[in-house]
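Colleague:
4 protein chains.
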Amino acid sequence: MINVGVLGATGAVGQRFVQLLAEHPWFKLTTLTASERSAGKLYRDVVKWRLDVPFPESIGTIRVSPTSVSSLKDVDLVFSALPAEVAKETETACANAGLAVCSNASSHRMEPDIPLVVPEVNPDHLALIDVQRDHGRDGFIVTNPNCSTIVMTLALAPLRGFGFHSIHVATMQAISGAGFEGVPAMGIYDNVIPYIGQEEQKMETETLKIMGTFEQKTVRPAAYRVSASCHRVPVIDGHTMAMWVDIQEPVEKVKEAFIRYKPPIKGLPTQPKESVHFMDDPDRPQPRLDRNRGNGMTVSVGRLREGIRFIAMGHNTIRGAAGASVLNAELISSKKYL
Amino acid sequence: MINVGVLGATGAVGQRFVQLLAEHPWFKLTTLTASERSAGKLYRDVVKWRLDVPFPESIGTIRVSPTSVSSLKDVDLVFSALPAEVAKETETACANAGLAVCSNASSHRMEPDIPLVVPEVNPDHLALIDVQRDHGRDGFIVTNPNCSTIVMTLALAPLRGFGFHSIHVATMQAISGAGFEGVPAMGIYDNVIPYIGQEEQKMETETLKIMGTFEQKTVRPAAYRVSASCHRVPVIDGHTMAMWVDIQEPVEKVKEAFIRYKPPIKGLPTQPKESVHFMDDPDRPQPRLDRNRGNGMTVSVGRLREGIRFIAMGHNTIRGAAGASVLNAELISSKKYL
Amino acid sequence: MINVGVLGATGAVGQRFVQLLAEHPWFKLTTLTASERSAGKLYRDVVKWRLDVPFPESIGTIRVSPTSVSSLKDVDLVFSALPAEVAKETETACANAGLAVCSNASSHRMEPDIPLVVPEVNPDHLALIDVQRDHGRDGFIVTNPNCSTIVMTLALAPLRGFGFHSIHVATMQAISGAGFEGVPAMGIYDNVIPYIGQEEQKMETETLKIMGTFEQKTVRPAAYRVSASCHRVPVIDGHTMAMWVDIQEPVEKVKEAFIRYKPPIKGLPTQPKESVHFMDDPDRPQPRLDRNRGNGMTVSVGRLREGIRFIAMGHNTIRGAAGASVLNAELISSKKYL
Amino acid sequence: MINVGVLGATGAVGQRFVQLLAEHPWFKLTTLTASERSAGKLYRDVVKWRLDVPFPESIGTIRVSPTSVSSLKDVDLVFSALPAEVAKETETACANAGLAVCSNASSHRMEPDIPLVVPEVNPDHLALIDVQRDHGRDGFIVTNPNCSTIVMTLALAPLRGFGFHSIHVATMQAISGAGFEGVPAMGIYDNVIPYIGQEEQKMETETLKIMGTFEQKTVRPAAYRVSASCHRVPVIDGHTMAMWVDIQEPVEKVKEAFIRYKPPIKGLPTQPKESVHFMDDPDRPQPRLDRNRGNGMTVSVGRLREGIRFIAMGHNTIRGAAGASVLNAELISSKKYL
């Protein structure tokens, strides 16, 4: 068992980390950090548990530490659920202190020597860890993409062989993506908000890095043109997206690619049976019915039509956030980077 | 004052017709038809009024007639809120009997001699009325497009000068578009349904006819490639759509086109002050806040970005249905077709 | 293992039965009935699965039978998810044919020789099974109450010792209680519907029977005055209710009664660890966060205030419907009535 | 025309004041105050308009002042939409400076010499203005009750003659009651929150003062026992409440009292045609359909049943907040207190 910690354990993503790590077969959750105000108290006394799964009582008795490197003496790996503005410095300090950092924050994603990884899509990019070590760092940082980007790249992974170049994507994103307090009910109820700060830029740039090629110690970005339009809709969990990809093959061949898709990894505890699930039903996937497929780690794809057009949907706070980081950690661990 | 009737006056669109016609300056609503079961009773006793505006008491005392030509002896013009399967035959019978029919049903929209009109976009297509008369009909049928198509074509109208050819559109459509009973709450609450029967086809074909050119007694369809992806979201009224149009001009010129746009009609009672309202705010238009602009007849456009990408939003049961038919009737009347 | 069947297996409650029975340790689900239209087809081909849990593939290959006694030759016990109007006759026929019937329908609940049972509240009422047998029936019918009544009586069970007589209850009920198609989205979104047909009467009469005393082969109803006001709110699952009970003891003693409560049954597979869970938090229970406690079988109680006032909340389609019937069947089985 | 101002004009209630005063026949809105940060700027540049009615352009060019007495030199009457913690001191300062203050804040409601008024219920309590003047104040403060209390007391007003003593009330309150940012979407979507801070206490105490008797320069509180249970539900506007009142008369007589009710005031511009509207439909009132009755100033009552039980519903930010203050100001003005 590897001792792990969670940075920012009381927030929405932090709670998801706690949920996923409470009974993890490889990782033992021993350290939880939060703001100074909570430090020194029991986790169960400071967290306002807002997930609809039971609170893991065994974790409740962990005493919360302040968010700093010195709190992490007993752990080898740390998951970061920190907000971007805090994450940059803290994560760097952790990596410099010899820790493996699996981060869900956006701060380091686009740095040239930091892997931006979706295990089923670009596991080979983990080789950037060696580049970080060459740069003199004892530990390292590995990041996972933005929630929408994860869903989109998983849906694109089975289609790589078709050699597409242009992607249009319109998202219908869940309110949980903005954190618990992020969206006032008066703003989104009976409404669509056609704007999510920085989301389109993230989808347009992160996708190129993830789908890029690792060669000569660096990632050459994919030569795609991604044009995104991002919208918030009144859904609790699950980002749905309408995608157009300029594939010239008939629909049937694309369908076959989805159905036959096998990811290049296997045997990781959090990895779902199917990373991409193809649906033939005329009106699926739907977030409420399909977001929990594969314990929230499967991306569902459907409504494949000529165009090539289709719908992709995945759970934004599991597959698109905490679960993504945990799967990255499992990949790192299985590749003996720890 | 012109005496008018409403076919199918008890349903969701029928109620909107009643609301819009109750105090119309040109039209006097004298006849309401419904199913045999309701015929002979007072409108107020058979309608289950479900709009959030007060029931127009003056209309309540009209005695409902069965839906047939013989019920329409006193009227010159009739609005059809009939479901498509019933509309085809009934509307034809009405037109043959000398009535002007303004229909919201889809049955006749794509027939070559029947105008499919959005008054601000293609008022000249009304000339097809003469073609119908040449074909020996006493009356005529004029149709308005599907609700999503109306919003989209109004948003495209100011951009015609740019000579675009390709349109991608992803809709986020309101539940009222399916009628009062059309969408079960268990289906759409906390959910997105990425499918609306026939909606994509309608947007892809109707748009070409509306934006086409009237010449030599027929409409030559516009040479666009429209690719639509249609989705239902938990919004009561107001269809929002993310649009991409292959315009090569800079964003500023497109913005100017939206702001300077003047429709080719004026002075109609139901016509809003602005047919297309451009918004500079980063997060608008939003259906809950903007759907009632111009009494529900204005299409709001915003989030204009390079691509060219933007958001269009309009009230689907007013601008996209009953109000569209009423505005058509006003145009017909002002053009002396009655 | 006891072979069991589900009557009406394709509807909302039927699907919950299938979910709960798919891997039951005591019951083997072998028979599923539905309308004539579906009979003869595989369950997976006729059911439109609408639960947010994965479809149980092993059940999918059961061939659906028509809803009639002759379909039930291989089973000893049958769960009824039939609508009330069909249930009356079919359930009687099943019981007369020697089957044990656990019914969620309302048809037989108030008949004098038919037990209306919540296992934690009135397990002794099962003795009415013997009365049915005395009346010459080979099998028997056992019913569970209406969903709101179950939640309320479980919340009252710990308070019996206080000798109250008057109950006021205002419910805020989930849309799933009306079945999948029961509530149009246009009716309930951004709305409260202060009326649910027959619900108040059910709460007011069923409660008296359940909380009544079994003596001399009959149930003497409790002498309570229950006054209910029932409302539908935009919640998917979970009935919340504000209750007033005329208990004259201080709040602390009532709290103790909730905390110390031990139901008179144990060891049933579907029985939750806590039948009634008391919450001290100022703003709980809440349906979205608490409905799945105890796999949906626990009733959560909180906001206990002088009055005596408190809030009770339970999952209406699990604890309040299918789960209630399954728990009844387990109780019957453990008491050797089969 | 009387010059008036609004304190706290940019918030949710402040915007409602602006909406209601923009074209008021008696009051000319000349002054808007907000925080220091906004002072000196045009209202249209600092307000984030979130109402679904058009922004009143004529008000947009008013330059915002800081919230202090010195900003109010040109006005005779000021409406307070300040949060309670700020209101206490500022409102006192305004009244001492000779201004008439109509406040929606809770700070002064229960002070013995300050009227807590619903014009249709206790207009005679305005006599406390003279008591304030006796205490040496140049101006005065008049308050309106909490939103739920207003709806409840209006529903009780027609029943006064029955001499009841005990009221149970369970509310289902709209999210707008907490202000624009007050309720996170993740908190209330698909949920009920059975707690609203201080709301039950307000309903239980304010009601007694409002329904009390003015005699000998003071208000003797009504001798009712009010027991409230307050809950937030996913509704945008409109507080619905289930009420029980211990009236011993038959339902028919209570119905008559509702129908025949005539309030003791008339001719005020904001006063609706009906202050209390009785509905016979089995499933009304409903917030989405009935909240805008009487421009949001009418309380709708229905589902009258023995018990005596019934449902009351009113628009919480119009009738229950800004509209209440405006109606108070009109009453004050008509009674020549200005």
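Residue numbers (numbering that gives the first Met the number 0), protein chains in the order written: chain Z, 0 to 337; chain V, 0 to 337; chain R, 0 to 337; chain S, 0 to 337. Beta carbons are placed, not taken as given, at the ideal position from N, Cα and C, and that holds for glycine.
Using the rule of at least 16 other Cβ atoms within 10 Å of the residue's Cβ for burial, across every protein chain shown, is ARG283 of chain R buried or exposed?
Modeller: Taking the first residue of the third sequence as position 1, residue 283 of chain R is located at position 284. Result: buried.
Colleague: Let me know if SER165 of chain V comes out buried or exposed under the rule of 16 or more other beta-carbons within 10 Å of its beta-carbon.
Modeller: Taking the first residue of the second sequence as 1, we reach residue 165 of chain V at position 166. Burial call: exposed.
Colleague: Please go through the same chain and pick out, in chain order, the residues whose beta-carbon is closer than 6 Å to the beta-carbon of PHE78 of chain R, but skip the five residues on each side of it.
Modeller: Translated into the one-based positions of the third sequence, residue 78 of chain R becomes position 79. If we look at PHE78 of chain R and ignore the five residues flanking it on each side, its Cβ neighbours are VAL5, PHE16, CYS101, SER324.
Colleague: Would you kindly check if the distance between the Cβ of LEU19 of chain V and the Cβ of GLY322 of chain V is under 7 Å?
Modeller: Taking the first residue of the second sequence as 1, we reach residue 322 of chain V at position 323. Taking the first residue of the second sequence as 1, we reach residue 19 of chain V at position 20. Going by C-beta atoms, GLY322 of chain V is nearer than 7 Å to LEU19 of chain V.
Colleague: Classify PRO281 of chain S: buried if its beta carbon has 16 or more other beta carbons within 10 angstroms, exposed otherwise.
Modeller: The residue given as residue 281 of chain S occupies position 282 in the fourth sequence. Per the 10 Å Cβ criterion, exposed.
Colleague: If you draw a straight line from the alpha carbon of ALA221 of chain Z to that of GLY196 of chain V, how long is it in whole angstroms?
Modeller: As a first step, residue 221 of chain Z must be located in the first sequence, where it is residue number 222. As a first step, residue 196 of chain V must be located in the second sequence, where it is residue number 197. Approximately 36 Å between the Cα atoms of the pair.
Colleague: Over the uninterrupted beta strand (DSSP E) stretch that includes GLU214 of chain V, give me the two end residues.
Modeller: Taking the first residue of the second sequence as 1, we reach residue 214 of chain V at position 215. First-last of the beta strand (DSSP E) with GLU214 of chain V: 212 to 214.
Colleague: Helix, strand or coil, according to DSSP, for THR217 of chain Z in the structure here?
Modeller: Numbered from 1 along the first sequence, position 218 holds the residue referred to as residue 217 of chain Z. Looking at THR217 of chain Z - three-state DSSP - the assignment turns out to be strand.
Colleague: Hey, is VAL182 of chain R's beta-carbon within less than 7 Å of any beta-carbon in chain V?
Modeller: Here residue 182 of chain R refers to the residue found at position 183 when the third sequence is read from its first residue. It does; some Cβ of chain V falls within 7 Å.
Colleague: Identify whether GLY4 of chain Z lies in helix, strand or coil by the three-state DSSP scheme.
Modeller: Within the first sequence, residue 4 of chain Z is the residue found at index 5, counting from 1. Here GLY4 of chain Z sits in strand by DSSP.
Colleague: Heavy atom of the ligand FMN less than 6 Å from the Cβ of ASP75 of chain V, yes or no?
Modeller: Among the ligands in the structure shown, none appear at all, so the ligand FMN cannot be discussed.
Colleague: Which class does ARG224 of chain S belong to by DSSP, given the choice of helix, strand or coil?
Modeller: On the fourth sequence, position 225 is the one that residue 224 of chain S refers to. In this structure, ARG224 of chain S counts as strand in the three-state DSSP scheme.
Colleague: Could you tell me the distance, in whole angstroms, from the CA atom of PRO157 of chain Z to the CA atom of ARG287 of chain Z?
Modeller: Sequence index remark: in the first sequence, residue 157 of chain Z carries index 158 (1-based). Sequence index remark: in the first sequence, residue 287 of chain Z carries index 288 (1-based). Whole-angstrom Cα-Cα distance: 24 Å.
Colleague: Name the one or two DSSP bridge partners that PHE309 of chain V has.
Modeller: Counting from 1 along the second sequence, the entry for residue 309 of chain V is found at position 310. According to DSSP, which records beta bridges pairwise, PHE309 of chain V is partnered with V:MET242.
Colleague: Cβ of ALA154 of chain R less than 7 Å from any chain S Cβ?
Modeller: On the third sequence, position 155 is the one that residue 154 of chain R refers to. Cβ-Cβ to chain S under 7 Å: no for ALA154 of chain R.
Colleague: Report the CB separation of VAL68 of chain S from ALA104 of chain S in whole angstroms; it is logged as a contact under 8 Å.
Modeller: Working through the fourth sequence from its first residue, we reach residue 68 of chain S at position 69. Working through the fourth sequence from its first residue, we reach residue 104 of chain S at position 105. In fact, because the Cβ distance is near 16 Å, the residues do not count as touching under 8 Å.
Colleague: Taking the continuous beta strand (DSSP E) assigned at GLN172 of chain V, which residues delimit it?
Modeller: Taking the first residue of the second sequence as position 1, residue 172 of chain V is located at position 173. 165 to 172 is the span of the beta strand (DSSP E), which, as asked, contains GLN172 of chain V.
Colleague: Going residue by residue through the stretch 79 to 146 of chain Z, where are the continuous beta strand (DSSP E) segments of at least 3 residues, counting only ones entirely within it?
Modeller: Whole beta strand (DSSP E) segments, 3+ residues: 99 to 102, 139 to 142.
Colleague: Could you name the residues of chain V that ASP73 of chain S contacts, counting a contact when the two beta carbons are closer than 7 Å?
Modeller: The sequence position of residue 73 of chain S within the fourth sequence is 74, counting from 1. Within chain V, no residue comes near ASP73 of chain S; the closest Cβ sits about 32 Å away, beyond 7 Å.
Colleague: Ignoring anything shorter than 4 residues or poking outside the stretch 16 to 91 of chain R, list the alpha helix (DSSP H) runs there in chain order.
Modeller: As far as the stretch 16 to 91 of chain R is concerned, its whole alpha helix (DSSP H) runs of at least 4 residues are 42 to 45, 56 to 59.
Colleague: Under 7 Å between beta-carbons, which chain Z residues line up against GLN131 of chain V? List them in chain order, please.
Modeller: Residue numbering aside, residue 131 of chain V sits at position 132 when the second sequence is read from its first letter. The premise fails here: GLN131 of chain V is roughly 35 Å from chain Z at the closest Cβ pair, so nothing lies under 7 Å.
Colleague: CA-CA distance, TYR188 of chain Z and PRO233 of chain V?
Modeller: Here residue 188 of chain Z refers to the residue found at position 189 of the first sequence. Here residue 233 of chain V refers to the residue found at position 234 of the second sequence. Taking the straight line joining both Cα atoms gives about 8 Å.
Colleague: Using DSSP bridges, identify the partner residues of ARG290 of chain S.
Modeller: Translated into positions along the fourth sequence, residue 290 of chain S becomes position 291. Its beta-bridge partners do not exist; DSSP assigns none.
Colleague: Expressed to the nearest angstrom, what Euclidean distance is found between the alpha-carbon atoms of ASP279 of chain V and GLU251 of chain V?
Modeller: Counting from one through the second sequence, the residue named residue 279 of chain V turns up at place 280. Counting from one through the second sequence, the residue named residue 251 of chain V turns up at place 252. For ASP279 of chain V and GLU251 of chain V, the distance between alpha carbons rounds to 12 Å.
Colleague: With a threshold of 8 Å, are at least 3 pairs of Cβ atoms found where one atom belongs to the stretch 117 to 135 of chain S and the other to the stretch 174 to 190 of chain S?
Modeller: No: fewer than three Cβ pairs fall under 8 Å.
Colleague: Can you pull out the residues from the stretch 173 to 198 of chain Z whose beta carbon lies closer than 9 Å to at least one beta carbon of chain S?
Modeller: Listed in sequence order: ILE174, SER175, ALA177, GLY178, PHE179, GLU180, GLY181, VAL182, PRO183, ALA184, MET185, GLY186, ILE187, TYR188, ASP189.
Colleague: Would you list, in chain order, the members of the stretch 23 to 50 of chain Z that have their beta-carbon closer than 8 Å to a beta-carbon of chain S?
Modeller: Correct list: ARG49.
Colleague: State the DSSP-derived secondary structure class of GLY301 of chain Z, mapped to helix, strand or coil.
Modeller: The residue labelled residue 301 of chain Z in the question sits at position 302 within the first sequence. In the structure shown, GLY301 of chain Z sits in a strand (DSSP, three-state: E or B).
Colleague: Should SER147 of chain S go down as buried or exposed, given a rule of 16 or more other Cβ atoms within 10 Å for buried?
Modeller: For the purposes of this step, residue 147 of chain S is taken as residue 148 along the fourth sequence, with counting starting at 1. Flag for SER147 of chain S reads buried.
Colleague: Give the interface partners of ILE246 of chain R over in chain C, defined as CB-CB distance under 9 Å, in chain order.
Modeller: Looking at the structure shown, chain C is missing, and the protein chains on hand are Z, V, R and S.
Colleague: Sort out for me which residues DSSP pairs HIS230 of chain Z with in a bridge.
Modeller: Here residue 230 of chain Z refers to the residue found at position 231 of the first sequence. Answer is Z:MET171.
Colleague: Is the Cβ-Cβ distance between MET171 of chain Z and THR239 of chain Z less than 7 Å?
Modeller: Here residue 171 of chain Z corresponds to residue number 172 of the first sequence, with the count starting at 1. Here residue 239 of chain Z corresponds to residue number 240 of the first sequence, with the count starting at 1. Yes, the pair counts as a contact, with Cβ atoms nearer than the cut-off.
Colleague: If we count the other Cβ atoms within 10 Å of its Cβ and call it buried at 16 or more, is GLU199 of chain Z buried or exposed?
Modeller: The residue you call residue 199 of chain Z lines up with position 200 of the first sequence. By the 10 Å Cβ count, GLU199 of chain Z comes out buried.
Colleague: Tell me the DSSP secondary structure of PHE257 of chain S in three-state form.
Modeller: On the fourth sequence, residue 257 of chain S is found 258 positions in, with the first residue counted as 1. Helix.
Colleague: When you compare each of Z:GLN285, Z:LYS40, Z:ILE192 to PHE309 of chain Z by their alpha carbons, which one comes out closest?
Modeller: As a position in the first sequence, residue 309 of chain Z is number 310, starting the count at 1. Ranking the options by Cα distance to PHE309 of chain Z, first place goes to Z:GLN285.
Colleague: Which of helix, strand or coil does DSSP assign to ILE149 of chain S?
Modeller: By one-based count along the fourth sequence, residue 149 of chain S stands at place 150. Helix at ILE149 of chain S.
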